[in-house]
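Asker: To get my numbering, take the position in the sequence shown, counting from 1, and add 2.
What follows is a single structure, and I will ask about it in a moment.
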Amino acid sequence: MSESTKRIIMLIDDSSTNNILYESILLDEGYEVIICEDAKIALKRLQKDIPDLIILDLMMPGIDGFHFLEKKKEMPGIVDVPVIMLTARVDRESELKAYELGVVGYMVKPVGIAEITEKLKKIFSSK
3 MSESTKRIIM LIDDSSTNNI LYESILLDEG YEVIICEDAK IALKRLQKDI PDLIILDLMM
63 PGIDGFHFLE KKKEMPGIVD VPVIMLTARV DRESELKAYE LGVVGYMVKP VGIAEITEKL
123 KKIFSSK
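Below, the structure is given as structure tokens:
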């Protein structure tokens, strides 16, 4: 993948450990990564940088993943950016709500390298 065609992924997670882990995986796969340690920072950053995809944690202080998805719907130019919810929540209600709010994938932590890279390839091949 050439520098000009690198896909940009925004990673929104309040865990620096998760950010380091997933950033490493994504960089190894040739993606450019924007890390935001909370949803409020991410919403501000989206006003100037539009990623090709967002990987979003659900349980974060302040604005949680569901609230972020609601806010994202109000942002012109961002509405169509696909979102994968990456969370420790395994309950069916959270998963259904995430899909109702427009996510294209719901993955439960811990997520393996192969699982996340396959999901990204599938999403990007359909775009």
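Glycine included, each C-beta is placed from N, C-alpha and C at the ideal position.
Should residue 5 go down as buried or exposed, given a rule of 16 or more other Cβ atoms within 10 Å for buried?
Answerer: Locating residue 5 in the sequence shown gives position 3, counting from the first residue. Bear in mind that the predicted position of residue 5 carries a pLDDT of just 47, short of 50, making it too unreliable to give a figure here.
Asker: Along the chain, which unbroken stretches of the beta strand (DSSP E) at least 3 residues long are found entirely within the region 34-72?
Answerer: 34-38, 55-58
Asker: State the Cα-Cα distance for the pair residue 77 and residue 65, rounded to the nearest angstrom.
Answerer: Translated into the one-based positions of the sequence shown, residue 77 becomes position 75. Translated into the one-based positions of the sequence shown, residue 65 becomes position 63. Taking the straight line from one Cα to the other gives about 16 Å.
Asker: Sorted by chain position, which residues of the same chain lie with C-beta nearer than 6 Å to residue 108's C-beta, five sequence neighbours on each side aside?
Answerer: Residue mapping note: residue 108 aligns to position 106 of the sequence shown, counting from 1. Correct list, in chain order: 87, 97, 100.
Asker: Would the beta-carbon of residue 14 fall within 9 Å of that of residue 28?
Answerer: Translated into the one-based positions of the sequence shown, residue 14 becomes position 12. Translated into the one-based positions of the sequence shown, residue 28 becomes position 26. Not in contact: residue 14 and residue 28 (Cβ atoms no closer than 9 Å).
Asker: Report the rounded CA-to-CA distance for residue 59 versus residue 67, giving the unit in angstroms.
Answerer: On the sequence shown, position 57 is the one that residue 59 refers to. On the sequence shown, position 65 is the one that residue 67 refers to. The alpha-carbon atoms of residue 59 and residue 67 are separated by roughly 6 Å.
Asker: May I ask you to list the residues that DSSP assigns as paired with residue 14?
Answerer: Against the sequence shown, residue 14 aligns to sequence position 12. Residue 14 is bridged to 38, 58.
Asker: Assuming contact is defined by CB atoms lying nearer than 9 Å, are residue 21 and residue 34 in contact in what I supplied?
Answerer: What you label residue 21 is simply residue 19 of the sequence shown in a count that begins at 1. What you label residue 34 is simply residue 32 of the sequence shown in a count that begins at 1. Not a contact, by the Cβ cut-off of 9 Å.
Asker: Taking residue 115 as part of the alpha helix (DSSP H), name the residues at either end of that continuous run.
Answerer: Residue numbering aside, residue 115 sits at position 113 when the sequence shown is read from its first letter. Taken as a continuous stretch (DSSP letters only), the alpha helix (DSSP H) holding residue 115 covers 115-127.
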